[in-house]
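Note that the numbering used here has the first sequence beginning at 1092, numbered continuously upward. Here the structure comes first, spelled out in structure tokens, and everything after it is commentary.
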Amino acid sequence: MPELPEVEIVRQQLLQVLPGKEIVACHVLTPRIVRQPEVAAFEKRIVGSRFGEIWRRGKYLLFQLGKWELVTHLRMEGRFGLFDARAPLDGYTHLLFTLNGGSQLRYRDVRKFGTMDLLEAGQAASAPFLAGLGPDALDLSYEDFATRFQRPRQVKALLLDQHVLAGVGNIYADEALWRARVHPSCPADRLSEPERRSLYEGLQETLHEAIACGGSTVRSFVDMLGHAGQFQLHCHVYGRQGEPCERCKTPIVKAKIAGRGTSFCPQCQRLRTSVKIAGPYEGRLSP
DNA sequence: AGCTGCACCCGAACGC
DNA sequence: TGCGTTCGGGTGCAGC
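Here it is in structure tokens:
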């Protein structure tokens, strides 16, 4: 499932092949993926456009296309791939962008959760779903982070809230919390200053390391070339419930926190006794 | 303001 | 073996 590091990998790979290519035909096979404009207008407007810059904002991928800007979100399992335009289609392919020279950019998505918005160039930043995003997690100073983590919300909920900071998903939130030795239920405004600093550093380290590893492959992520990421092999808590913590050997637990499956070490991420939370460990799924 | 639950979708994992 | 059920994941929204 693509989070910031996976989207960044895809961006870097698309940047190798798309700039300068012109879209000579566009076919939307699954209308629900396209949110705006309506499908016929989407197909018509995008034809004749040439790929330019490719940006990332959190988990969103933005393509400069002449007078248009294509904004995509891969959600769970969306993937782009470059094919020969004559190659056979599979049942999970939802959009086709035929390029000059005979190649074809295809969008595949088993869950059909991904989205595409075609906006006028320069209008994307003010679109509600982008304007509301917090600063990108990779482009966030400690001072800004510290200000945003002074609220009485559970740290895990804040890490996942794209309005607070953009790009962090479930895997990297859990990993950053483990590195910082912070309990996911701790209210952010009850973090000590060293804890807040550790959390920031843990998050930066986690994201940079994941990009260096080519992302994480959980469920299905593969890059443009079909290569799986390796970061999941570096995970300390995610997907490791029941296994001993690498620091203290206490079994990792998985609980439902902030409405999400959350893996953590109950020993080295324990709450200080002065910090109270409602219903500690409520909804615990495994010992 | 912050939380919980739900819808979206469908493969995987599980239960019988 | 083969069916049926449940679950999860990111986002946006409704309701409390």
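Cβ coordinates follow ideal geometry from the N, Cα and C atoms, glycine included.
- Contact annotation: residue 1335 and residue 1278 have beta-carbon atoms that are not nearer than 8 Å.
- If you compare the alpha carbons of 1213, 1262, 1172 and 1215 with that of residue 1196, the shortest gap goes to 1172.
- Here the C-alpha atom of residue 1281 lies approximately 36 Å from the C-alpha atom of residue 1168.
- By the CB criterion at 8 Å, residue 1193 and residue 1178 fall outside the cutoff.
- Beyond the five residues adjoining it in sequence on each side, residue 1204 comes within less than 8 Å, by CB distance, of 1166, 1167, 1168 and 1169 in the same chain, given in chain order.
- Taking a contact as a CB-CB distance under 8 Å, the pair residue 1247 and residue 1275 counts as one, their CB atoms being some 4 Å apart.
- Residue 1174 has 1195 as its beta-bridge partners, per DSSP.
- Beta-bridge pairing by DSSP links residue 1345 to 1354.
- Residue 1208 and residue 1190 have their C-alpha atoms spaced approximately 19 Å apart.
- Nearest Cα to residue 1144 within the set 1156, 1252, 1353 and 1133: 1156.
- Taking 8 Å as the cut-off, the beta carbon of residue 1265 is found closer than this to the beta carbon of residue 1355.
- A direct Cα-to-Cα measurement between residue 1222 and residue 1259 gives close to 17 Å.
- Excluding the 5 residues flanking it on each side, residue 1251 has same chain C-beta neighbours closer than 6 Å at 1264, in chain order.
- Taking C-beta atoms as the reference points, residue 1257 and residue 1215 fail to come closer than 8 Å.
- By the C-beta density criterion, residue 1238 is exposed, having fewer than 16 other C-beta atoms within 10 angstroms.
- Less than 8 Å divides the Cβ of residue 1158 from the Cβ of residue 1211.
- Contact between residue 1183 and residue 1236 does not hold, since the beta-carbon distance rounds to 38 Å and is not under 8 Å.
- In the displayed model, residue 1164 falls within a strand according to three-state DSSP.
- In the three-state scheme derived from DSSP, where H, G and I count as helix and E and B as strand, residue 1133 is classed as helix.
- Its chain contains 1223 and 1225 as the residues whose beta carbon lies nearer than 6 Å to that of residue 1254, once the 5 sequence neighbours on both sides are disregarded; these appear in chain order.
- DSSP, reduced to helix, strand and coil, places residue 1267 within a helical segment of the structure shown.
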